[in-house]
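Colleague:
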Amino acid sequence: MKILFLGPPGAGKGTHASIVASQLNIPQISTGAILREAMSEETALGKTAKDFVDKGLLVPDDIIIDLVRERIARDDCKDGYILDGFPRTVAQAESLDGISQLDAIINIELDDESIVKRLSGRRVCKDCGATYHLSRLGNRVLCEQCSGDLIQRNDDKAETVLNRLTVYHSQTAPLVEYYKGSGRMYALDGALPIEEGGRILSGILQNVHVNAGAAN
Ligand code: AP5
602 MKILFLGPPG AGKGTHASIV ASQLNIPQIS TGAILREAMS EETALGKTAK
652 DFVDKGLLVP DDIIIDLVRE RIARDDCKDG YILDGFPRTV AQAESLDGIS
702 QLDAIINIEL DDESIVKRLS GRRVCKDCGA TYHLSRLGNR VLCEQCSGDL
752 IQRNDDKAET VLNRLTVYHS QTAPLVEYYK GSGRMYALDG ALPIEEGGRI
802 LSGILQNVHV NAGAAN
């Protein structure tokens, strides 16, 4: 199955994408995570991306499109994949249409005020990238999966979050209109507790799977 998670920053794309990826045993392709890894390794891609990511701006389309094209051509994507954070411009969506057809687009909806609250409290593992929120961390200061240090992402600082929201509304929100006519877009309320959202999502994906089977 090929699934896209769409939605504003902090809506829960990465959280749900990682759960579904392990349930379906297909890779989660997060362009944000790929860029962060490149930045921490200071590769050529990382050095170019840093100026954009740290300001909350989008990395140029041609760089991102090449990166995703190469990633989904790999062997581990032959049974499907989950796109988390790509496409986020109409140009990226049009390029993706030329490479692959998505089975489901999950549009996670969340208002700006909740997003600011969520992102200011997000902490991520420096080593494995697992995501947490201060409100649920209790006394824990290390990652429960790999014991790495928990840090705040550079682009989760208040001013950058506001820039990311502006960029989302101007450049990524038009994708909701873009995919509306496809008959493959499903809305998910990002304000629901993660477990409840996950149950609703499982039901949606089950139907997509059954319908895909019936169509073949
Ligand atoms: P990226 O990493 O994709 O960031 P984003 O889209 O801004 O998304 P986030 O990772 O911030 O949020 P999320 O929706 O995954 O939420 P999460 O599950 O973590 O991109 C970063 C940057 O890279 C971009 O700004 C851009 O510069 C560049 N980039 C990436 N892709 C690009 C592209 N295609 N083109 C150009 N540039 C690109 O959850 C957030 C928090 O909320 C967590 O603390 C989590 O624990 C908590 N939470 C999640 N769900 C719930 C819930 N239901 N209830 C309560 N808390 C919840």
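Each residue of the sequence shown is one higher than the one before, starting from 602 at the first, in my numbering.
For each residue, glycine too, the CB sits at the ideal point set by N, CA and C.
Quantities reported herein were computed from a predicted structural model and do not represent experimental measurements.
Do you know how far the Cα of serine 783 is from the Cα of threonine 690?
Modeller: The residue given as residue 690 occupies position 89 in the sequence shown. The residue given as residue 783 occupies position 182 in the sequence shown. C-alpha separation (whole angstroms): 17 Å.
Colleague: Would you say the beta carbon of aspartate 728 comes nearer than 7 Å to a heavy atom of ligand 1?
Modeller: Locating residue 728 in the sequence shown gives position 127, where the first residue counts as 1. No, Cβ of aspartate 728 sits at least 7 Å from all heavy atoms of ligand 1.
Colleague: Alpha carbons only, please: which of Ile706, Asp757, Glu695 and Leu703 is nearest the one belonging to arginine 724?
Modeller: Taking the first residue of the sequence shown as position 1, residue 724 is located at position 123. Of Ile706, Asp757, Glu695 and Leu703, the residue nearest in Cα terms is Asp757.
Colleague: Do you know whose CA, among Lys679, Asp685 and Cys678, lies nearest isoleucine 665's CA?
Modeller: Counting from one through the sequence shown, the residue named residue 665 turns up at place 64. Among Lys679, Asp685 and Cys678, the Cα nearest to that of isoleucine 665 belongs to Asp685.
Colleague: Please name the residue in Leu789, Tyr779 and Val809 whose C-alpha comes closest to that of isoleucine 801.
Modeller: Here residue 801 refers to the residue found at position 200 when the sequence shown is read from its first residue. Of the listed residues, the one whose Cα sits closest to isoleucine 801 is Leu789.
Colleague: What runs of the alpha helix (DSSP H), each 4 residues or longer, lie entirely inside the stretch 731-808?
Modeller: Runs found: 735-738, 759-768 and 775-781.
Colleague: Taking the straight line between their C-alpha atoms, what separation do you get for glutamine 746 and alanine 731?
Modeller: Counting from one through the sequence shown, the residue named residue 746 turns up at place 145. Counting from one through the sequence shown, the residue named residue 731 turns up at place 130. About 8 Å.
Colleague: Between valine 660 and ligand 1, is the CB less than 7 Å from at least one heavy atom?
Modeller: If you number the sequence shown from 1, residue 660 lands on position 59. Valine 660 Cβ: within cutoff of ligand 1.
Colleague: By a C-beta neighbour count over all protein chains shown, 10 Å radius and 16 as the cutoff for buried, is leucine 738 buried or exposed?
Modeller: As a working note, residue 738 is residue 137 in the sequence shown. When all chains shown are included, leucine 738 counts as exposed.
Colleague: For the stretch 646-656 against the stretch 617-624, are there 3 or more C-beta pairs whose distance is under 8 Å?
Modeller: They do not touch, by the three-pair rule.
Colleague: Please return the same chain residues whose Cβ sits closer than 7 Å to the Cβ of valine 717, not counting the five positions on each side in sequence.
Modeller: Translated into positions along the sequence shown, residue 717 becomes position 116. Cβ neighbours of valine 717 beyond the five flanking positions: Val762.
Colleague: Helix, strand or coil: how does DSSP classify cysteine 729 here?
Modeller: Taking the sequence shown and counting its residues from 1, one reaches residue 729 at position 128. In this structure, cysteine 729 counts as coil in the three-state DSSP scheme.
Colleague: What is the residue span of the beta strand (DSSP E) that alanine 705 lies within?
Modeller: Residue mapping note: residue 705 aligns to position 104 of the sequence shown, counting from 1. Alanine 705 -> beta strand (DSSP E) spans 705-710.
Colleague: Using a threshold of 7 Å, is the CB atom of lysine 614 nearer than that to any non-hydrogen atom of ligand 1?
Modeller: As a working mapping, residue 614 is identified with position 13 in the sequence shown. Yes, the Cβ of lysine 614 comes within 7 Å of a heavy atom of ligand 1.
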